[in-house]
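A short write-up of the structure that comes next.
There are 2 protein chains.
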Amino acid sequence: MASRAKATILDIAREAGVSKSTVSLVLQGSGLIRPETAVKVRKAIEDVGYVYNRGAANLRKAHSNVIGMVINDLTNPFFAELAVGMERVFQAAGVVPFIANTAENPVRQEEVLKSLMEQGVAGLIVSPARGTTPGAFRRIETAGVPIVFAMRRLPDSRIPVIAPDNHRGAVLAAEHLIRRGHRRLAFFGGSSDLVVYHERLGGFLEACETLGIPASDRLIVEGETSRKGGMACLETALATAEPPTAALCFNDAVAFGAMLALRRRKLEAGADFAVVGFDDVAEAEHYSPALTSVAVDTAGLGERAAHVMLKMIQSRTTRAEDHIGAVSLVVRESSGPDRNNQVGDAA
Amino acid sequence: MASRAKATILDIAREAGVSKSTVSLVLQGSGLIRPETAVKVRKAIEDVGYVYNRGAANLRKAHSNVIGMVINDLTNPFFAELAVGMERVFQAAGVVPFIANTAENPVRQEEVLKSLMEQGVAGLIVSPARGTTPGAFRRIETAGVPIVFAMRRLPDSRIPVIAPDNHRGAVLAAEHLIRRGHRRLAFFGGSSDLVVYHERLGGFLEACETLGIPASDRLIVEGETSRKGGMACLETALATAEPPTAALCFNDAVAFGAMLALRRRKLEAGADFAVVGFDDVAEAEHYSPALTSVAVDTAGLGERAAHVMLKMIQSRTTRAEDHIGAVSLVVRESSGPDRNNQVGDAA
DNA sequence: TTGATTTATTGGAACGTTCCATTTATAGCG
DNA sequence: CGCTATAAATGGAACGTTCCAATAAATCAA
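Protein chains in written order, with the working numbering: chain G, 265 to 611; chain W, 265 to 611.
In structure tokens form, the structure reads like this:
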């Protein structure tokens, strides 16, 4: 049953009594071969348990059908949702995306990119790891392989980016908190080596300026972008002389962490301290209390990124427009009014 | 800068003034070449922006360094944790795992497996999609590519399986509930087309038998293995004439759903209805109330699966022992005693 | 010195495909 | 019937590696 050596198109050719070229044509679904011949060949393929060798084919074709998705943290459901969005459109296009995880480690990322390139990918969709060096993608660019960044960007690179409107999202969220009467605001989590951090923090600060929250009433606490980081941020904030009454969090994981820390202190998010997240992962709606968050249409961004990639491959270009996705604030329970300073905007 | 056609070892050879064989040797880190020659070659490699063509190499070597991980639901954090465990050991072994998602769709799974095979993977770690047909892996087996199943198994296949002790986990959980005084128990979620379902349900039923819960006091509600499914299960259960007071859930997602449905009814998990989950995902500990769950050491199972795979590849076999991982019950807040039937075991 | 041994390097034949240029078979037409 | 036009099938030269067998250069033993 299991043939000793693996079968090649020559074995099929012999089995079916045709030439290897004919087999190749059948494999490619060419209309040039007589239907009955095709049937005969396909039967032979089945009989010998043939598996197509794409490596050999690519040697001639130089056009593979695999796309690499390099993701910095698979355990963050946010990125899993992104991946799912991309897969939907790739599947429809007959392209197989291979996902690789870098675990937020630039060295690992280097290895993963190298391996993907050696495999001959047609394109790369990357959410770069924190601390990626500016030149990390130069090799790939000069090799002419299209890249698009998803969600994150690098300080000054000309690689197209698909990302939500972080600035606007943060403005919306901060305005919401201020309208609810909060006057002492914090920004929790994230660190300044991420471009996204500056965008979100920038929106937060802009809203504060516009609506008259002085710098002395703003608290910025950097921290890990995880539950743990969020817990730490909250502790730090409450330990200050005049603690804030509300916080915009870098992302939902940080927000969940902050809410957990509140609960540990017997405080309730929403009633005692307002928390707003960013990304609106599926879990936000199901949390208790439900988390107010900036929705970024994650799967939609994934689809968009995939489309852009497909177009780049098709038109053999390495350039494309950036795409900034619309955002919206989803108000839930976690962002109640300041109890000492009630001012309308009660939704 | 970007050379027109992509560079090959011949270009490097010319650049460095050596033969292609020498370049090949350098690429493989052979000790046969003179150090200064190696340096010269490596410089040339850098200069021409060479990228190794693994497809061409595999044509001769027939031993690739990529392993495919086929996962049925990436958005379930449980599988992401599994993937992370595997990656740890593969990275150390210099192997690059490519992850592909089947979204619980056997057709998609077929495509993904085909593509991975064509890519010439050295092995496959698979968590099969629900509804996978028995013969789905025959082709791969006869091709001699090692497979290991992770977490899930197929009804009667001789492919090695790495999975937790589902039966024992369910026994532990059910015993716990019964000792807490519950007398009307339910099993929530999952469906009988999954082998895992029978294992977990079997453990539940066995514990009921042993500890004297009659069949009339047991309720089994099948359902989707998601939050949504869990919510539906709870509603169904509470609508019965004599509703249960506790439920063991097929997995944590179902448990989270059940808890959410309780909250919607202004009931509290733990106090009004006991809920136990399965898998103990990271979130379980941080939920409110914290979820009692069967811990399966997900990342550990991932590591084990990767090790088994590595060994199979090395020893060129397609056989290996099953590995059933130890489980333990982590008691938290969601599984309080039956309020009408208090009987010790208060931890 | 000569031959044997070791150390570095090299040419060439694979590997399994694709695709161009041909060849062969089939049909159409006057 | 011969001729052309069309359809179907084919051989062979790539593609970029690896690896064996062979060569060339350097070292050693006697």
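Idealized CB from N, CA, C, for every residue including glycine.
{"query": "Can you give the beta carbon distance from Val540(G) to His446(G), rounded, assuming they're within the 8 Å contact cut?", "result": "Wrong, their Cβ atoms sit about 10 Å apart, outside the cutoff."}
{"query": "For Met215(W), report the span of its beta strand (DSSP E) as first-last.", "result": "Here chain W has residues from 265 to 611 only, and residue 215(W) is not among them."}
{"query": "Taking CB distances under 8 Å as the criterion, tell me whether Asn604(W) reaches chain G.", "result": "no"}
{"query": "Determine whether the Cβ of Ile411(W) lies closer than 8 Å to any Cβ atom of chain G.", "result": "no"}
{"query": "Listed from N- to C-terminal order along the chain, which residues in the stretch 352-367 of chain G have their beta-carbon within a distance smaller than 8 Å of any beta-carbon of chain W?", "result": "Gln355, Val360, Pro361, Phe362, Ile363, Ala364, Asn365 and Ala367"}
{"query": "In whole angstroms, what separates the C-alpha of Thr301(W) from that of Ile273(W)?", "result": "15 Å"}
{"query": "Would DSSP call Ser285(G) helix, strand or coil?", "result": "helix"}
{"query": "Below 9 Å between beta carbons is the criterion; list the residues of the stretch 516-527 of chain G that meet it against any residue of chain W, in chain order.", "result": "Phe520, Gly521, Met523, Leu524 and Arg527"}
{"query": "Label Gly332(W) either buried or exposed according to how many other C-beta atoms from any shown protein chain fall within 10 Å of its C-beta, with 16 as the threshold for buried.", "result": "buried"}
{"query": "Exposed or buried, which one is Val572(G) when buried takes at least 16 other CB atoms within 10 Å?", "result": "buried"}
{"query": "Counting C-beta neighbours from all protein chains within 10 Å, is the total for Thr397(W) 16 or more, i.e. buried, or is it exposed?", "result": "exposed"}
{"query": "For Ser598(G), would you say it is in contact with chain W, using Cβ-to-Cβ distances shorter than 8 Å as the test?", "result": "no"}
{"query": "Can you give me the Cβ contacts of Asp429(G) inside the same chain, cut-off strictly under 7 Å, excluding the 5 residues immediately before and after it?", "result": "Ile588, Gly589, Ala590 and Val591"}
{"query": "Check Asp609(G) in the structure and name its three-state DSSP category.", "result": "Confidence at Asp609(G) is low in this model, with a pLDDT of 45, below 50, so the placement of that residue should be treated as unreliable; the coordinate-derived value is given next. Three-state result, Asp609(G): coil."}
{"query": "Cβ-heavy atom distance between Gly453(G) and the ligand MG below 7 Å?", "result": "For the structure depicted, the ligand MG is absent and the ligand set is empty, with no information on it obtainable."}
{"query": "Applying a beta-carbon distance threshold of less than 9 Å, which residues of chain G neighbour Tyr461(W)?", "result": "Neighbours of Tyr461(W) on chain G: none; closest Cβ ~24 Å, over 9 Å."}
{"query": "Terminal residues of the continuous beta strand (DSSP E) containing Ala407(W)?", "result": "No beta strand (DSSP E) holds Ala407(W); DSSP gives it neither H nor E."}
{"query": "For Ser557(W) versus Ala519(W), is the C-beta spacing smaller than 8 Å?", "result": "yes"}
{"query": "Compare the C-beta of Glu488(W) with all C-beta atoms of chain G and state if any pair is closer than 8 Å.", "result": "no"}
{"query": "Checking 8 Å against the spacing of the C-beta atoms, do Val390(G) and Phe362(G) come in under that value?", "result": "no"}
{"query": "Mind checking whether Leu524(G) and Arg491(G) have CB atoms under 8 Å apart?", "result": "yes"}
{"query": "I want to see whether chain W comes within less than 8 Å of Val406(G), judged by CB atoms only; does it?", "result": "The question names Val, yet the displayed sequence has Thr at residue 406(G). Chain W, which has a Cβ nearer than 8 Å to the Cβ of Thr406(G), makes this yes."}
{"query": "Short of 7 Å Cβ to Cβ, which residues in the stretch 537-563 of chain G face chain W?", "result": "His550 and Ser552"}
{"query": "Among residues of its own chain, excluding the 5 on either side of Ile423(G), which ones have a beta-carbon nearer than 6 Å to its beta-carbon?", "result": "Ile411 and Phe413"}
{"query": "So which residues of chain G does Met573(W) contact, with C-beta pairs closer than 9 Å?", "result": "In chain order: nothing, as chain G lies at least about 17 Å away."}
{"query": "By the three-class DSSP mapping on this structure, what secondary structure does Asn365(G) have?", "result": "strand"}
{"query": "Tell me the DSSP secondary structure of Val560(G) in three-state form.", "result": "coil"}
{"query": "Mapping DSSP to helix, strand and coil, what is Leu338(W)?", "result": "coil"}
{"query": "Mind pulling the beta strand (DSSP E) runs of 3 or more residues that sit fully within the stretch 459-528 of chain W?", "result": "482-485 and 510-513"}
{"query": "Is the stretch 596-604 of chain G in contact with the stretch 527-545 of chain G, if contact means three or more CB pairs nearer than 8 Å?", "result": "yes"}
{"query": "I'd like to know whether the C-beta of Ile276(W) is nearer than 8 Å to at least one C-beta of chain G.", "result": "no"}
{"query": "What residue range is occupied by the uninterrupted beta strand (DSSP E) comprising Pro553(G)?", "result": "Neither: Pro553(G) is in no beta strand (DSSP E) and is coded neither H nor E."}
{"query": "Alpha carbon to alpha carbon, how far is Pro478(W) from Cys472(W)? Give it in angstroms, no decimals.", "result": "7 Å"}
{"query": "What does the alpha-carbon distance come out to for the pair Leu338(G) and Asn365(G)?", "result": "6 Å"}
{"query": "How big is the Cα-Cα spacing for Gly494(G) and Ala437(G)?", "result": "17 Å"}
{"query": "Under 8 Å, do Thr629(G) and Leu483(G) count as touching if we go by C-beta distance?", "result": "What is shown of chain G runs 265 to 611, which leaves residue 629(G) out entirely."}
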